[in-house]
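Working notes, beginning with the structure itself.
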Amino acid sequence: MRLKNTADKYGPIAQLFHWTIVVLVITQFALALRADDLPRGAALLKTLALHKSIGITIFTLAVLRLLWRWVNPVPPMPSTAPRWQHLAARISHIALYALLLVMPLFGWMMSSARNFPVSWFGMFTLPDLVPANKAAYEFFHEGHEILGIVLFLLAILHAAAALKHHFIDRDDVLMRMLPWNRKRRSEH
Ligand code: HEM
Ligand code: HEM
Numbered sequence: 076m077r078l079k080n081t082a083d084k085y086g087p088i089a090q091l092f093h094w095t096i097v098v099l100v101i102t103q104f105a106l107a108l109r110a111d112d113l114p115r116g117a118a119l120l121k122t123l124a125l126h127k128s129i130g131i132t133i134f135t136l137a138v139l140r141l142l143w144r145w146v147n148p149v150p151p152m153p154s155t156a157p158r159w160q161h162l163a164a165r166i167s168h169i170a171l172y173a174l175l176l177v178m179p180l181f182g183w184m185m186s187s188a189r190n191f192p193v194s195w196f197g198m199f200t201l202p203d204l205v206p207a208n209k210a211a212y213e214f215f216h217e218g219h220e221i222l223g224i225v226l227f228l229l230a231i232l233h234a235a236a237a238l239k240h241h242f243i244d245r246d247d248v249l250m251r252m253l254p255w256n257r258k259r260r261s262e263h
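Residues in the sequence shown are numbered from 76 upward in steps of one, following my numbering.
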């Protein structure tokens, strides 16, 4: 099986990174919403511990994904798409990658600044990124919340663009991020 990307399709490794991270990011929002509803106590600590562990996992996967992308160029946008779409796709993909790195870092720094340990599924404890400090805690807390909203909106826009390519433009943009090998027939 060919693992790398080709000129017109993302390879299985790039696809696995993409869809695993999508599932984990959705889980992060679900856990954060649940944490919002919980009173202080064991259930809240457990939910946040899981949220932190999955967040650190997303950070690691995003780094590995970018390394894989670096040694393995992604397929270019279809030449039928207008120039503004090439630019919009480029900017939004860079922003999504940046958020996948900065969101977990802000979360981690928020916890460090509050003097809460960050452990990875209880297996090991990560070092504190910043010293305990109330102002820093408030900054990273606020930042984590605002960037969460930005990530949410951008991911919706991104998914809507993928669906528009598939159902309206009827090109291969969505299919090439999916494991199936169906190519669009020509319209004629
Ligand atoms: C891509 C990864 C992540 C996403 C998408 C994400 C998303 C969110 C969202 C949407 C919230 C709710 C915001 C609010 O109402 O305050 C939240 C809260 C929180 N996140 Fe994350 N997060 C991620 C990673 C992390 C990591 C790695 C940590 C810590 C190591 C972390 C720690 C927290 C904590 C402690 C809260 C609760 C804040 C509070 O006290 O209200 N997050 N996260
Ligand atoms: C948490 C949600 C998501 C994140 C963070 C995300 C992130 C990304 C990133 C960073 C890329 C660029 C890949 C690269 O070229 O290196 C990408 C590509 C892509 N994503 Fe997502 N994605 C998300 C959800 C979705 C959803 C729900 C869909 C489908 C409805 C989707 C469809 C696609 C497609 C089709 C591409 C390839 C675009 C192209 O060929 O230029 N994504 N995604």
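Heads up, the beta-carbon is just placed ideally off N, CA and C, and yes, glycines get one too.
Apart from sequence neighbours up to five positions away, the residues of its chain that approach Y212 with a beta-carbon distance below 8 angstroms are M185, A188, R189, ordered along the chain. Judged by DSSP secondary structure, S128 falls within the alpha helix (DSSP H) whose first and last residues are 117-146.
Residue pairing for L201: DSSP places it in a beta bridge opposite V193. In this structure, the beta-carbon distance from T122 to A110 falls below 7 angstroms.
Here the distance from the Cβ of W94 to the nearest heavy atom of ligand 1 is not below 6 angstroms. Contact between the region 228-248 and the region 135-154 is established, with three or more Cβ pairs separated by less than 8 angstroms.
In the DSSP assignment, T81 forms a beta bridge with K84. In the DSSP assignment, W159 falls within the unbroken alpha helix (DSSP H) covering 158-188. The alpha carbon of H168 has as its nearest neighbour, out of H216, A117, L226, the alpha carbon of L226. Here the C-alpha atom of K84 lies approximately 17 angstroms from the C-alpha atom of H161. Pairing L99 with I129 gives a Cβ-Cβ distance under 7 angstroms.
Excluding five sequence positions before and after T200, the CB atoms of its chain that fall closer than 6 angstroms to its own CB belong to P192, S194, given in chain order. For I101, the closest C-alpha among the options A210, A236, L228, M198 is that of L228.
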